[in-house]
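Below: one structure, written as structure tokens.
Number of protein chains: 2
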Amino acid sequence: MTIKAVVFDAYGTLFDVYSIQVLAEELYPSHGADIAVKWRDKQIEYTRLITQSDPHNTSGSQYFRPFWELTRLSLEYTLDRLKLNRESDQVEKLMQQYAHLTPFTENLAVLQKIKASGVTTAILSNGSVDMLASAVKSAGMEDVLDQVISVDSIRLFKTSPESYGLVQQTIPVNKDEILFVSSNAWDALGATWFGFTTHWVNRQGLPFEALTPRPHYSGPDLKSVLHSLELAE
Amino acid sequence: MTIKAVVFDAYGTLFDVYSIQVLAEELYPSHGADIAVKWRDKQIEYTRLITQSDPHNTSGSQYFRPFWELTRLSLEYTLDRLKLNRESDQVEKLMQQYAHLTPFTENLAVLQKIKASGVTTAILSNGSVDMLASAVKSAGMEDVLDQVISVDSIRLFKTSPESYGLVQQTIPVNKDEILFVSSNAWDALGATWFGFTTHWVNRQGLPFEALTPRPHYSGPDLKSVLHSLELAE
């Protein structure tokens, strides 16, 4: 295998979306974990409804709304669903936290090592351009990422083939020369269907989806990607 | 409003998918509710991944698998995910129960009343042809439904426009002359986007999705559909 570029999913893979739970627990005692999970699930659900409802008669889905906006809407829904008080101050605090998510601790060193080996590094994310820029910056990853690719321009979310197709428009190499890395099993599956070489970061020790095929590689954290690339010491 | 046909979603709307919880609890004490919810969520997730990953270069998604098969796969995933013993006997029992889901109590009388008023009645479902036939039969609804439409033929699930488009191929009336009834908020949303007149059966008293627009009508059970049709006494 010759991998010429490593492309990372952002939310859940580089940035810990459940790290929001601590602030959520502070704002809504005993509901933090529930808010974090339901917020994330709803956010992803909205990307899917928009994408699969696309009538393919315009450029992208006519129901498209940027991920940042879907993130806010799904938070508002979640608080309503849990019958929790929703004051703009609390929503704002959680959204600001989301704009500066904690990266997983090992990530920066892994990215540095891949970059130093001469392989192109990139993000492909559902995230809006602005929110990605702010997350990358606050994680100190600006210098270790060659490209940050958002689905904004095509108005369709992952796992649409149009979204994965964006990578080759930016990094013109063969599909299987791209190692796509995601901790979201569904994203790893979609990328495998698309034709990328794939690595599933299985941080929680979950079974893989019952849909096939399995990703080419997997491991418990981002360091395992170095093994797939044969860069581990 | 002149409604010429009432089209019902099946799973969750006519048939109670969470009724499976009782058997699940019997087979896996203290896990019944968790199995029922996670099984349903995973089943729907798989329909979405398949539909939104469609490269639009063949007839339907090349990743398509019938709903019955997805139902089994999602059950197996759920049991693995919860680290529960998965013996074929238990899986078989749950699947057989799924083939004969309990209908909500008011449904048959509502369907009879609509049918008697001269309005066309139908199901549009993600369900496979066989599983729908068996569910309709065991609910005693064969005589009150004019059409049972499955997405099988197009190999794309709801909320794809292709799936809702099947209705007009079978019942050639205008979109807004079709009252589409679903207890799944996402399905009511997708059908509203598509252009149907819509009625959301909100059995659990949930907030509607944060995506717009809202369905045209809603009510707490299937009887409320009679109000939308002005057939209530």
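These protein sequence lines are chains H and F, in that order.
Here full-length UniProt numbering is used: the first residue of the first sequence is 1, the next is one more, and so on.
Here full-length UniProt numbering is used: the first residue of the second sequence is 1, the next is one more, and so on.
Glycine is no exception: its CB is placed at the ideal position from the N, C-alpha and C atoms.
Every value quoted in this text rests on a predicted model; they were computed, and no experiment measured them.
Between residue i and chain F, is there a C-beta pair that is closer than 8 Å?
i, result
"H:Glu45", "yes"
"H:Tyr11", "no"
"H:Arg155", "no"
"residue 306 of chain H", "Residue 306 of chain H cannot be examined here, being either before or after the span of chain H that is shown, 1 to 233."
"H:Gln52", "yes"
"residue 235 of chain H", "This structure does not reach residue 235 of chain H, given that chain H is present from 1 up to 233, and the question cannot be answered."
"H:Ser160", "yes"
"H:His227", "no"
Give me the chain F residues within the contact set of residue i, using Cβ-Cβ distance strictly less than 7 Å, ordered along the chain.
i, result
"residue 235 of chain H", "With chain H running from 1 to 233 in the structure shown, residue 235 of chain H is simply not present."
Do residue j and residue i count as a contact pair if the criterion is CB distance below 8 Å?
i, j, result
"F:Val225", "F:Val6", "yes"
"H:Asn27", "H:Lys93", "Checking the sequence, you will find Leu at residue 27 of chain H rather than Asn. It is a contact, given that the beta carbons lie within the stated cut-off."
"F:Phe194", "F:Tyr164", "yes"
"F:Gln168", "H:Thr159", "no"
"residue 237 of chain H", "H:Asn184", "An answer regarding residue 237 of chain H cannot be provided, because it is not within the stretch 1 to 233 covered by chain H."
"H:Leu189", "F:Leu73", "no"
"H:Leu75", "H:Val91", "yes"
"F:Phe15", "F:Pro103", "yes"
Between residue i and residue j, what straight-line distance do the alpha-carbon atoms span, to the nearest angstrom?
i, j, result
"H:Gln112", "H:Thr2", "19 Å"
"H:Ala122", "H:Thr198", "14 Å"
"residue 247 of chain F", "F:Thr13", "Within the shown structure, residues of chain F are numbered from 1 to 233, placing residue 247 of chain F beyond reach of any answer."
"F:Asp146", "F:Pro213", "29 Å"
"F:Leu101", "F:Ala135", "7 Å"
"F:Ile154", "F:Glu162", "7 Å"
"F:Arg86", "H:Gly140", "45 Å"
"H:Trp186", "F:Ala116", "46 Å"
"H:Leu229", "H:Glu177", "11 Å"
"H:Asn202", "H:Ala232", "18 Å"
"F:Trp68", "F:Lys137", "17 Å"
"H:Asp89", "H:Leu79", "13 Å"
"H:Lys83", "H:Trp39", "14 Å"
"H:Arg81", "F:Gly205", "10 Å"
"H:Pro29", "F:Glu25", "30 Å"
"F:Ala99", "H:Val173", "47 Å"
"H:Pro55", "F:His216", "21 Å"
"H:Ser218", "H:Gly118", "22 Å"
"H:Val148", "F:Trp200", "40 Å"
Given residue i, which residues of its chain have a CB within under 7 Å of its CB, disregarding the five upstream and five downstream residues?
i, result
"F:Ser150", "Ser125, Gly127, Ser128, Val129 and Leu132"
"F:Asp152", "Pro66, Ser128 and Val129"
"F:Leu70", "Gln43, Tyr46 and Thr47"
"F:Leu23", "Lys93, Leu94 and Gln97"
"F:Gln21", "Gly32, Ala33 and Ala36"
"H:Glu106", "Asp221, Leu222 and Lys223"
"H:Ala191", "Tyr164, Phe180, Ser182 and Thr198"
"H:Val110", "Leu222, Lys223, Val225 and Leu226"
For a cutoff of 8 Å on Cβ pairs, would you count residue i as touching chain H?
i, result
"F:Trp193", "yes"
"F:Tyr63", "yes"
"F:His216", "no"
"F:His56", "yes"
For residue i, I'd like the list of residues in its chain whose CB is within less than 6 Å of its CB, leaving aside the five on either flank, ordered along the chain.
i, result
"H:Ile171", "Ala5 and Thr120"
"F:Asn57", "none"
"H:Tyr11", "Val17"
"F:Gly60", "Ile154, Arg155 and Leu156"
"F:Ile50", "Ser61, Tyr63 and Phe64"
"F:Ile114", "Val6 and Thr121"
Name, please, each residue of chain H whose Cβ falls closer than 9 Å to the Cβ of residue i.
i, result
"F:Gly190", "Leu49, Gln52 and Ser53"
"F:Ser74", "Ala210"
Spatial neighbours of residue i within its chain, please: CB distance less than 8 Å, with the 5 preceding and 5 following residues excluded, ordered by chain position.
i, result
"H:Glu142", "Val136"
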